[in-house]
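Undergrad: Numbering that gives the first Met the number 0 numbers the first residue of the sequence shown as 0 and each following residue consecutively.
Every residue gets a Cβ at the ideal spot worked out from N, C-alpha and C, and that includes glycine.
Every value quoted in this text rests on a predicted model; they were computed, and no experiment measured them.
Structure provided below as structure tokens; questions to follow.
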Amino acid sequence: MKAKILQILRAKWKYFILYFFVATTLSILFTWFSNENIRNRFPWLTTILYHKDWFLADQNVYAIGNPKDVPLFQKPVVIQKRITLEYPATVEATKEIQLQTKHLGRIKFLHVAEGQSVKKGDLLLQLDDELLRLEGDKLSISLEVAKANQIIALEKWKQAENLIEVKLREIDKKTELLELAKSEWETSKLTMEKKETMWKEGFVSLSELDRWKLDVDTKQTHFKNLNRDRESLVNTLHLDFPEDTVSISDRLKIWKRQNSLIEKTEYDLSVTNTKILENQIQTNKQMISEFKLYAPKAGSIFKVHLKEGELTNHLPAITLIENGDLSVSYQIGESDLKLMKLGKEITFHPSLEGSQFVNGEIDKISSYLDVRSHGIGVRAKLHKKRLSLLPGMFGLVQVETEGMKDILLVPTVSVLGDVSSGYYLMLKSGETIEKRYVECKPHNQNEMEILMGISEDDLFQVNVK
0 MKAKILQILR
10 AKWKYFILYF
20 FVATTLSILF
30 TWFSNENIRN
40 RFPWLTTILY
50 HKDWFLADQN
60 VYAIGNPKDV
70 PLFQKPVVIQ
80 KRITLEYPAT
90 VEATKEIQLQ
100 TKHLGRIKFL
110 HVAEGQSVKK
120 GDLLLQLDDE
130 LLRLEGDKLS
140 ISLEVAKANQ
150 IIALEKWKQA
160 ENLIEVKLRE
170 IDKKTELLEL
180 AKSEWETSKL
190 TMEKKETMWK
200 EGFVSLSELD
210 RWKLDVDTKQ
220 THFKNLNRDR
230 ESLVNTLHLD
240 FPEDTVSISD
250 RLKIWKRQNS
260 LIEKTEYDLS
270 VTNTKILENQ
280 IQTNKQMISE
290 FKLYAPKAGS
300 IFKVHLKEGE
310 LTNHLPAITL
320 IENGDLSVSY
330 QIGESDLKLM
340 KLGKEITFHP
350 SLEGSQFVNG
360 EIDKISSYLD
370 VRSHGIGVRA
380 KLHKKRLSLL
390 PGMFGLVQVE
400 TEGMKDILLV
410 PTVSVLGDVS
420 SGYYLMLKSG
430 ETIEKRYVEC
440 KPHNQNEMEI
450 LMGISEDDLF
460 QVNVK
């Protein structure tokens, strides 16, 4: 196994040398030519490639003896940096959507919590819709009854029209029989008149004449009975029609419409009642759907104002941050207004310890001066969405200007002290070493920027214990 590993190393030694040469070259180039902005933008690359203590000129001052035991001093590194303005800022939602239910009711289910991310169309809360569902069941039963009544009314209407046809055929039949009876009656009267003349002349007996008279009376009575029956049928129907209507089919249609008006009205009422119930059921379903509150857009829940079991009101129930976008708001003085432009990049450093900075750009500048603070409001939209950032948090906004200034950098390990007692450096003053308190802030992961306390010519101790 050992021989195999040695064989692989002998075969790959050229690649190891090439890798070492390329890495060293990149580290030298990055250390010499990278500026502060590049190192801040790529901190992980800076950690790997930036080694100024290896390649830059050595300004260390050594005393006689072992370097590990003797204090090591050097001057702070001076670099050019753009002048940065800092403003206290507050995190806020870029766009808040106030959501409220269309109807008043008691919250049955609450499906989201504050800080939760939601998608468009997600169910947020649901009101108690039990009464509406019971009302919907009641309307469904009423609709079934109404449809049954509609079918019955339709059958009654059709039967009424068919009955009109039957009565009309009966009237036609009575008319035919009436005409036949009238013809027989008239024929019988003529025959009786002839028989009466023959009786006077002695050709017919009196009994035969009486028989013919009885026959005439019988046929007359039959004719009158048929006429009375026909008139009775005609009187039960409305057989009016326009004078210009001569077609039998047109007359029949008119007669059907005139004599089935009640049944048709009942059918129309049943149809109307069915439509009303269908509309009520549709409205009931719509109201049930409106008892659920959905997310109109994707985003994150900022605030839930109500709990399960509480009654809704006309105030917002949920506040949604659209797309989860956050902004920072801060105020500037009148003299800094000319330095602020829409779209200008900013850097926000949250006050929460351990939080990473977030870049953004200015998207709104107020057009008036706040009377109370004598400042002009500016809002910048943050690019990245971080779960650690919440509306209401504080921090500092840094805005770079076109001007340049010199800053002093020292290694982070050379700075002693803490926030409560203060930070300090060990400076060489002649032949002695003294403690000097300084104001500083982190510049990157390995360096601190000295704001006040030393000059560029001071020598500070690097290898402090």
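1) Take the Cβ of leucine 292 as the centre, count every other Cβ of all protein chains shown within 10 Å, and call the residue buried at 16 or more, exposed below.
2) Taking just the CA atoms, how far does valine 377 sit from serine 365?
3) Whose C-alpha, out of Gln285, Asp405 and Ile453, is nearest the C-alpha of serine 428?
4) Between which residues of its own chain and alanine 145 is the CB-CB distance below 7 Å, once the five residues before and five after are set aside?
5) For methionine 339, name the three-state secondary structure that DSSP assigns.
6) When DSSP labels each residue in this structure, what does aspartate 57 get in the three-state scheme?
7) Nearest-angstrom Cα distance between isoleucine 449 and leucine 407?
8) Buried or exposed, going by whether 16 or more other CB atoms sit within 10 Å of the CB of lysine 173?
9) Would a check of beta-carbon distances place valine 165 closer than 7 Å to chain D?
10) With distances taken from CA atoms, which of Leu109, Pro295 and Arg229 is nearest aspartate 171?
11) What are the start and end residues of each continuous beta strand (DSSP E) run of 3 or more residues lying completely inside the segment 286-359, in chain order?
12) Quick one: what does DSSP say glutamine 444 is sitting in, helix, strand or coil?
13) Tell me whether lysine 13 sits in a helix, a strand or coil according to DSSP, three-state version.
14) Taking the beta strand (DSSP E) that leucine 126 belongs to, which residues open and close that run?
15) List the whole-angstrom C-beta distance separating glutamate 91 from serine 328, where the pair is believed to meet the contact cut-off of C-beta under 8 Å.
16) With C-beta atoms as the reference, is alanine 294 less than 7 Å away from asparagine 322?
17) If you follow the beta strand (DSSP E) that isoleucine 82 is in, where does it begin and where does it stop?
18) So, for tryptophan 211: in the same chain, excluding its five sequence neighbours on each side, which residues have a beta-carbon less than 6 Å away from its beta-carbon?
19) Is it buried or exposed for leucine 103, if we count other Cβ within 10 angstroms and need 16 for buried?
20) Comparing C-alpha positions only, which one of Ile140, Leu389, Arg168 and Leu424 sits nearest to lysine 74?
TA: In short:
1) Counted from its first residue, the sequence shown places residue 292 at position 293. Buried, by the Cβ-count rule.
2) On the sequence shown, position 366 is the one that residue 365 refers to. On the sequence shown, position 378 is the one that residue 377 refers to. Using only the alpha carbons, I get a separation of about 6 Å.
3) Along the sequence shown, read from residue 1 onward, the residue named residue 428 stands at position 429. Residue Ile453 is the option with its Cα nearest to serine 428.
4) The residue you call residue 145 lines up with position 146 of the sequence shown. Contacts found: Ser269, Asn272, Thr273 and Leu276.
5) Along the sequence shown, read from residue 1 onward, the residue named residue 339 stands at position 340. Coil.
6) Numbered from its first residue, the sequence shown carries residue 57 at position 58. Confidence at aspartate 57 is low in this model, with a pLDDT of 48, below 50, so its placement is unreliable and no value can be given for it.
7) Residue 449 sits at position 450 when you count from the first residue of the sequence shown. Residue 407 sits at position 408 when you count from the first residue of the sequence shown. In a straight line, the C-alpha of isoleucine 449 is about 5 Å away from that of leucine 407.
8) Locating residue 173 in the sequence shown gives position 174, counting from the first residue. With 16 or more Cβ atoms within 10 Å of its Cβ, lysine 173 is classed as buried.
9) Any reference to chain D falls outside this structure, which holds one protein chain only.
10) The count along the sequence shown starts at 1 and reaches residue 171 at position 172. Nearest C-alpha to aspartate 171: Arg229.
11) Correct list: 291-293, 298-303, 317-321, 325-331 and 344-349.
12) If you number the sequence shown from 1, residue 444 lands on position 445. Correct three-state label for glutamine 444: coil.
13) Within the sequence shown, the letter at position 14 stands for residue 13. Lysine 13 falls in the helix class under three-state DSSP.
14) Start at 1 with the first residue of the sequence shown, and residue 126 comes out as number 127. Looking at the DSSP string, the run of the beta strand (DSSP E) that includes leucine 126 is 122-126.
15) To locate residue 91, count along the sequence shown from 1; it is residue 92. To locate residue 328, count along the sequence shown from 1; it is residue 329. Rounded to the nearest angstrom, the Cβ distance from glutamate 91 to serine 328 is 6 Å, consistent with a contact under 8 Å.
16) Reading the sequence shown from its first residue, position 295 is the one you call residue 294. Reading the sequence shown from its first residue, position 323 is the one you call residue 322. No, these two residues do not count as a Cβ contact at 7 Å.
17) Here residue 82 is taken as the residue at index 83 of the sequence shown, counted from 1. For isoleucine 82, the enclosing beta strand (DSSP E) covers residues 76-92.
18) Numbered from 1 along the sequence shown, position 212 holds the residue referred to as residue 211. Around tryptophan 211: Met191 and Lys194.
19) Locating residue 103 in the sequence shown gives position 104, counting from the first residue. It counts as exposed.
20) For the purposes of this step, residue 74 is identified with residue 75 of the sequence shown, where counting begins at 1. Cα-wise, what sits closest to lysine 74 is Leu424.
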